[in-house]
Structures are given as C-alpha cells and as structure tokens.
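*Asks:* Sequence order for the protein chains is A and B. Whatever position you read off the first sequence (first residue = 1), add 671 for this note's numbering. Whatever position you read off the second sequence (first residue = 1), add 25 for this note's numbering. Virtual Cβ for every residue (Gly too), placed ideally from N, Cα, C. Structure in structure tokens, see below.
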Amino acid sequence: MRRPEAMLDEAGGALAASLASGLTRRSFLGRVGGALLGVVGGSAVAAAVRPDEAEAFHFCGHIWTTGSCPTPYTLPRIDRRGYPIRPKDARPIDNLGRLVDANGFPITEGGQRMTGPDGNPLPRGPRTRVCEDWVPERFGIDAVTQGSWYRCCGGQIRKLVDCCSRSRRRINGDASLVGYCYTGRRVFCVMYYDTGLPC
Amino acid sequence: MIETITPAVCGSRRRRRIALIIFALAAVASAALVGVALGTLGLLLGGTAAIAAAAVIAGLAALRELGVVRFPLPQSRRQVPQWWHARLPLPVWSAGYGAGLGAGFFTFQPVATFWVACAAAVALGRPLAAGACFALYGVGRAAMVVAPARREPEVTAAVERLARLRPALVRANGLVLAACAVTLAVAPAAGAGGMKLGPTGLNLDPTASKKVFAHTSGAKADAQVIVRPPGAPPIPFAGSSPSLHGALLAYEEGPDVRIVRWATGEEVARMPDASKPQLRWPWLAFRRDMDGGRKYLRLKNMKTGQARLVARVGPNADLGRPALHRGRLAWHTAGPKGSRIVLYGLDSRRKRIVVQTKIALLANPALGGPNIAWTEQRRTGSKLFVNRIGTKRIRQIARTKQGNRVFWTTALDNDFAYVTRWFVPERTARINKIRI
Chain A
672 MRRPEAMLDE AGGALAASLA SGLTRRSFLG RVGGALLGVV GGSAVAAAVR PDEAEAFHFC
732 GHIWTTGSCP TPYTLPRIDR RGYPIRPKDA RPIDNLGRLV DANGFPITEG GQRMTGPDGN
792 PLPRGPRTRV CEDWVPERFG IDAVTQGSWY RCCGGQIRKL VDCCSRSRRR INGDASLVGY
852 CYTGRRVFCV MYYDTGLPC
Chain B
26 MIETITPAVC GSRRRRRIAL IIFALAAVAS AALVGVALGT LGLLLGGTAA IAAAAVIAGL
86 AALRELGVVR FPLPQSRRQV PQWWHARLPL PVWSAGYGAG LGAGFFTFQP VATFWVACAA
146 AVALGRPLAA GACFALYGVG RAAMVVAPAR REPEVTAAVE RLARLRPALV RANGLVLAAC
206 AVTLAVAPAA GAGGMKLGPT GLNLDPTASK KVFAHTSGAK ADAQVIVRPP GAPPIPFAGS
266 SPSLHGALLA YEEGPDVRIV RWATGEEVAR MPDASKPQLR WPWLAFRRDM DGGRKYLRLK
326 NMKTGQARLV ARVGPNADLG RPALHRGRLA WHTAGPKGSR IVLYGLDSRR KRIVVQTKIA
386 LLANPALGGP NIAWTEQRRT GSKLFVNRIG TKRIRQIART KQGNRVFWTT ALDNDFAYVT
446 RWFVPERTAR INKIRI
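Take a look at the structure:
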C-alpha cells in the first residue's frame with residue numbers, strides 16, 4: 672500500500688500536467704490551473720512547461736508590451752505575496768531598496784542591523800505590496816493581482832503576474848490590454864516571481 | 026512691423042489706441058505665460074543643476090556680447106504675418122501680434138539676454154515669480170510700440186535712434202550678463218551650503234533659536250551637543266539630540282532629557298526615561314520607550330507638571346523626533362505599512378495628517394514661522410519639502426539624487442531650513458542651510 676502522500680502527489684501531478692497542457696490565454700481553467708499548480712507540486716509544472724528559452728520583451732518571459740510595475744529597482748521582481756525583493760538574488764527589501772531581515776529591520780549585506788548617523792539601529796521602513804499599494808498611490812487607481820502565466824527562464828520556472836485595474840490606460844501611457852485579467856479589469860503593469868523550480 | 030499700427034492702417038486714432046492697448050495686454054500676458062511655464066519646468070526639475078546651467082549660459086552670453094566668442098542665437102527671423110491686419114479683425118490681429126512678440130521665441134533676438142532670462146526662470150523654479158519677471162519683457166515689447174508713438178509721428182525714426190546706441194548697449198548688456206553669471210554661480214553655495222561645523226565629521230540634529238544654533242557632533246558615547254552663539258566660542262555638552270529655546274537647551278543625556286541654561290550650564294529641569302526632546306518652554310515634548318517596544322509621545326508643562334499622552338505606536342512602528350512651535354506639535358510615524366507626518370494643536374488637541382504615503386519614508390518634521398518641513402526618502406534619493414501650514418501648496422526645496430545620500434533630522438526658522446545630510450557609505454553627516 673503506497674503512502675497517502677505519494678498517491679496524492681501522483682494524482683496532483685496528473686491533474687497539473689493536464690491543466691498545463693490545456694492552457695490558453697483566455698482559459699478559465701488556465702487561471703484555476705495556475706493556482707492548483709502551485710499547490711499540487713512543482714515537478715508536474717516542470718514536466719508541463721517546455722524548457723525553451725522564452726522570448727523576452729524587457730525581461731525574460733514577458734513577450735508582450737505592458738511595462739513593469741513600479742518597484743524599488745528597475746525589474747519588478749516580487750515574492751509570492753507580492754512584496755518587492757532584490758532582483759539579482761531575491762533577498763527581501765523594503766520600499767527604499769534596503770535589505771531587511773525577517774523582522775523587517777534594515778540590514779547590511781552581511782546581515783547586521785543598519786545604523787543611522789546617530790549610531791542607533793534604523794527602525795523599520797515601509798514595505799508594501801507592489802500591485803495593491805504602490806500602483807494605487809502612484810497612479811490613483813485601484814489595482815489587484817490577477818492573472819499569471821509561466822515561462823522557463825534561466826533554467827527555472829518564472830511566474831509572470833498581471834497587476835490589473837479598471838483603468839483603460841496602462842503604465843506605458845497607452846491603451847491597456849485585457850491580458851490575463853478578469854471581471855472587467857485590464858493589465859496595468861506586470862511583475863514576476865521566480866519559483867526556483869527547475870525546467 | 027511696428028509701423029503697421031498707425032491711424033492710417035487702423036482707420037482712426039481711436040482704433041489705433043485700441044490696437045495698441047490690445048497689443049500691449051497680449052504681449053504682457055504672453056510673456057507672463059512663458060515665464061510661468063519656465064518656472065513650472067524648473068519646479069518640476071528641482072535641484073541646483075538648473076542654477077549651474079543658468080550660470081553657464083549667462084557666462085557664454087556675456088562672452089558673446091563682449092565679442093570674445095561668436096555663435097548664432099536660436100531665433101526666428103520671420104516678420105509677423107502682414108496679411109493679418111488686412112484680413113482679420115483689429116482685436117484679433119493686434120492681440121496676435123502682441124502674443125507673438127511677447128512670447129519671445131518667434132522673433133528676432135539681437136542679443137542673448139532673452140535666453141539667459143529663460144534659463145534663469147527655470148533655475149528659479151517658482152512659476153508665479155518667473156511669470157511676473159517675464160511680464161516685464163512683455164512690458165518692454167509693448168513700450169517699444171507705445172512710447173515712440175506718443176512722442177513723435179514717425180515710429181521708425183525712434184527705433185533708428187535707439188539702434189545708433191547699439192554698440193554701447195551691447196557692451197553694457199555683456200557686463201550685466203557677466204554679473205548675472207557670477208551671481209548664479211555662487212547662488213547654490215550661498216543658499217544651500219553645508220555649514221562648517223565640527224568638531225567631528227558627523228554633525229546632525231540641527232536646532233536654532235534667536236540666532237543661536239546647536240547640533241549634535243559625533244555619535245553614541247562620543248556624541249556632544251555643540252551650542253554656537255553668534256560671535257562667541259561654541260559651548261559643548263556631553264549628550265545628543267538638542268533642542269534650543271531662547272536661553273534654554275534640552276538634550277539627551279544618557280537615559281534622561283536634561284534642560285539647562287546653555288550659557289551657564291545650570292540645570293533647570295530633568296525628565297527621566299525620555300529621548301528626542303523638543304522644548305518650547307514651559308512645554309517639553311519627548312518620546313518614551315515602553316515595554317514591549319511601544320513608543321509614546323508625551324507633552325509636559327515643566328512649570329505646572331501637567332502632562333498628556335499625544336501619540337503612541339506599537340512595536341512595529343517608529344515614532345520620530347517631534348517638533349514644537351507656536352502651539353503646534355509635529356512628528357512622524359513610520360512602519361512597514363507606510364509613513365505619515367502628523368500635526369497636533371496644543372489648544373485644540375486635534376490631530377491632522379499633513380501627508381502620508383505607503384511607498385516612501387516621510388520623517389523628521391520641523392516647525393518654524395508659519396511653515397512645516399519634512400524629509401522624504403526613497404531608493405533614488407531624498408527630498409526636503411516645506412508647506413505653509415493651512416495651505417495645500419507643498420514646495421520641494423532640496424533633494425539628493427543618490428540613495429546613499431539621505432536627509433535626516435531637520436530644523437526651521439523664519440528664513441532658513443536646516444537639514445542633516447547623511448553620507449551613508451562614508452559614515453559622515455553635515456548640516457545644510459537652505460533659504461526658504
């Protein structure tokens with residue numbers, strides 16, 4: 672008798688593979704499948720996504736024209752909850768681009784608490800979500816993270832995420848596209864999350 | 026073109042006067058709008074780069090006018106459309122002529138002064154002031170049409186008389202432009218320079234009261250408060266985070282806040298377990314750190330003992346150095362969810378959020394005169410803003426363009442803003458003094 676978790680993993684893998692292969696850009700199952708893939712297992716995703724070099728517009732995997740969401744750095748890399756991280760190494764950063772520890776305090780590259788000119792440790796700075804907090808404040812619109820798609824980039828699976836709003840203009844300044852957004856929203860800007868799963 | 030506006034062309038002297046009035050108004054309005062636009066551009070650009078550019082342009086213009094260098098000026102050598110006065114109604118063509126000449130860009134430029142004025146308007150960064158200055162250009166344009174017409178019947182004769190003075194005028198213009206170049210070149214140093222302080226390379230926490238200035242020099246165990254009365258040697262106190270009010274000085278000494286007469290060192294009062302003092306005798310505002318990481322901002326009347334809790338934050342947030350002036354208390358709160366500058370009325374006991382953001386770090390407010398100032402820090406640099414309390418206009422008066430050049434603590438008096446400029450990699454800090 673196989674262990675329950677192995678059976679679950681096998682079933683989930685089969686489901687994930689079938690969902691991934693059936694993806695279309697406007698597929699409702701694609702949206703649901705995206706969420707399930709993350710839950711069921713990374714190996715299923717790796718099997719479904721061909722390890723081609725994805726075409727890149729301004730970052731790998733982004734094959735359309737919508738611009739990046741505003742972040743402390745140029746590349747709009749986020750963690751799984753939508754908070755900014757440093758693009759080159761995925762270390763968490765605050766809104767000022769400072770590395771932060773698990774408690775949100777600014778730290779140096781070596782991990783020590785940063786101190787101010789008075790010699791005292793610096794307090795926490797703002798660290799807010801790129802789509803739900805930065806975009807509304809910068810552009811005066813409401814925005815939520817909605818659709819996503821996956822590409823193989825640098826040997827690992829990248830999840831590209833649409834930040835969606837009801838605005839008819841996107842961050843580029845021209846007309847926004849529907850993309851993977853739904854319930855009447857359109858793509859305002861894009862972000863990405865690197866899963867680390869090999870492809 | 027000016028000979029176009031004559032009684033013969035206009036149909037009568039009365040219509041000519043109307044044409045001249047409309048021409049003059051349009052010239053002044055057009056010139057003022059150009060000034061406003063340039064001033065707005067300068068406001069958006071900010072910084073001292075525009076001032077430096079204006080100084081360079083003025084210098085080059087001076088050399089050109091004095092004959093040292095030769096280069097063509099950007100200009101349009103076209104005449105105003107002659108057919109306008111034949112086909113368009115008088116108000117339209119006279120306004121059109123006035124607007125075209127008042128704008129300056131669409132006409133012949135005999136000297137470079139107009140372009141220096143444009144650069145200076147951008148450097149000024151104040152739309153209304155730039156508009157007012159440029160309106161004078163429109164007045165000059167209109168005067169060239171109106172004044173000679175009043176004195177003599179043949180306007181071109183007046184212009185030709187003026188043209189004979191050209192060599193002397195050009196030389197005088199060159200000398201004036203050279204003086205402008207020098208003035209603009211020293212302006213940033215005069216207006217926004219780093220103050221020569223000491224004794225260490227780490228100078229922060231400015232405070233000013235009645236021409237007396239004080240600051241912290243050094244950090245932690247080496248920190249000293251230095252009081253600098255004008256014309257007298259500096260007076261040091263072992264401590265940090267000073268606040269001056271007239272003859273009194275409040276500052277952190279160990280875990281307490283001490284209030285002394287800075288001239289004699291006599292202790293007037295002491296507040297235990299307090300930090301970040303702000304003194305407006307008899308009121309003392311200070312922060313008290315509580316158990317569990319909570320921070321309280323308290324206000325105490327040092328004469329009567331009356332005390333009140335003004336604000337508090339939890340362990341995840343920071344409560345900054347307060348500012349106290351003319352019955353108002355300001356402070357910042359900052360944490361992972363954002364930051365804000367808060368203003369509190371001592372009499373009304375009402376709080377008002379002056380500005381808040383979920384993105385940047387707003388911090389270190391200062392109160393002085395009718396104004397409040399604060400810093401804004403982002404990854405790309407810091408900015409210093411000033412707002413006249415009770416109005417909505419917020420003015421940026423300084424900025425840094427690098428993330429490792431951070432604005433820290435601030436102070437304000439009626440004429441100047443003081444801001445600590447922290448050089449992060451070098452671990453030094455100096456205080457800049459900026460005219461507001």
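(1) If distances are taken between C-alpha atoms only, which option among R424/B, V335/B, L386/B and G60/B comes closest to R377/B?
(2) Does any C-beta atom of chain B lie closer than 9 Å to the C-beta of R751/A?
(3) Which bits of chain A does Q402/B rub up against, with CB to CB less than 7 Å?
(4) Does the structure place the region 262–280 of chain B close enough to the region 232–242 of chain B that three or more beta carbon pairs sit under 8 Å?
(5) What separation, rounded to the nearest whole angstrom, lies between the Cα atoms of I419/B and S407/B?
(6) What span of residues does the beta strand (DSSP E) with C823/A cover, start to end?
(7) Can you pull the chain B residues whose beta carbon is under 9 Å from the beta carbon of P777/A, in chain order?
(8) Look at the Cβ atom of L848/A, then the Cβ atom of R841/A, and state whether they are nearer than 9 Å.
(9) Buried or exposed: which applies to P743/A, given that a residue is buried once 16 or more other Cβ atoms fall within 10 Å of its Cβ?
(10) Rounded to whole angstroms, what is the Cα-Cα separation between F776/A and L793/A?
(11) Counting contacts by CB-CB distance shorter than 9 Å, is P797/A in contact with chain B?
(12) Report yes if the C-beta distance between K320/B and V338/B is below 9 Å; otherwise report no.
(13) Do we get a CB-CB distance below 9 Å when we pair R809/A with the residues of chain B?
(14) Compare the C-beta of P224/B with all C-beta atoms of chain A and state if any pair is closer than 9 Å.
(15) If you draw a straight line from the C-alpha of G782/A to the C-alpha of D772/A, how long is it?
(16) Run through chain A and tell me which residues come within less than 7 Å of D314/B, C-beta to C-beta.
(17) At the level of alpha carbons, what is the spacing between L767/A and P361/B?
(18) Strictly below 7 Å CB to CB, what residues from chain A border N341/B?
(19) So that I know if they touch, is there some Cβ in chain A lying closer than 9 Å to that of T435/B?
(20) Is it the case that the Cβ atoms of H350/B and L392/B are separated by a distance below 9 Å?
(21) Where in the region 275–349 of chain B do unbroken runs of the beta strand (DSSP E), each at least 3 residues long, occur, reported from the N-terminal end onward?
(22) With a Cβ-Cβ cutoff of 9 Å, do P747/A and A454/B count as a contact?
(23) Do you know how far the Cα of L831/A is from the Cα of Y864/A?
(24) Relative to the C-alpha of A80/B, which residue among G370/B, P116/B, V141/B and G92/B is closest?
(25) Of the choices F48/B, K221/B and G223/B, whose alpha-carbon is the least far from that of G165/B?
(26) Are there 16 or more other CB atoms within 10 angstroms of the CB of T854/A, so buried, or fewer, so exposed?
(27) Going along chain A in order, which residues have a C-beta closer than 9 Å to the C-beta of T232/B?
(28) Could you please tell me which residues of the region 413–443 of chain B, in chain order, have their CB closer than 8 Å to any CB of chain A?
(29) Which one of Q249/B, P254/B and A272/B has the shortest CA to CA distance from P261/B?
(30) Is it buried or exposed for Q402/B, if we count other Cβ within 10 angstroms and need 16 for buried?
(31) Could you tell me the distance, in whole angstroms, from the CA atom of R196/B to the CA atom of V94/B?
(32) Does N228/B come out as helix, strand or coil in the three-state DSSP assignment?
(33) Can you tell me which of P106/B, R89/B, L274/B and S37/B puts its alpha carbon nearest to the alpha carbon of G290/B?
(34) For G370/B, I'd like the list of residues in its chain whose CB is within less than 7 Å of its CB, leaving aside the five on either flank, ordered along the chain.
(35) If you measure from the beta carbon of D813/A to each beta carbon in chain B, is any gap under 9 Å?
(36) Does the contact criterion of 3 or more C-beta pairs under 8 Å hold for the region 52–69 of chain B versus the region 142–162 of chain B?
*Replies:* This is what the structure gives:
(1) V335/B
(2) no
(3) L767
(4) yes
(5) 15 Å
(6) V815 to C824
(7) Chain B residues near P777/A: none, gap ~10 Å exceeds 9 Å.
(8) yes
(9) buried
(10) 7 Å
(11) yes
(12) yes
(13) yes
(14) no
(15) 8 Å
(16) Those do not exist, as D314/B stays about 11 Å from chain A at its closest Cβ, beyond 7 Å.
(17) 11 Å
(18) R795
(19) no
(20) yes
(21) 281–286, 292–296, 300–305, 308–314, 320–326 and 332–338
(22) no
(23) 6 Å
(24) V141/B
(25) F48/B
(26) exposed
(27) Result: empty, since nearest Cβ-Cβ is about 14 Å, beyond 9 Å.
(28) G428 and W433
(29) Q249/B
(30) buried
(31) 14 Å
(32) strand
(33) L274/B
(34) G352 and R353
(35) no
(36) yes
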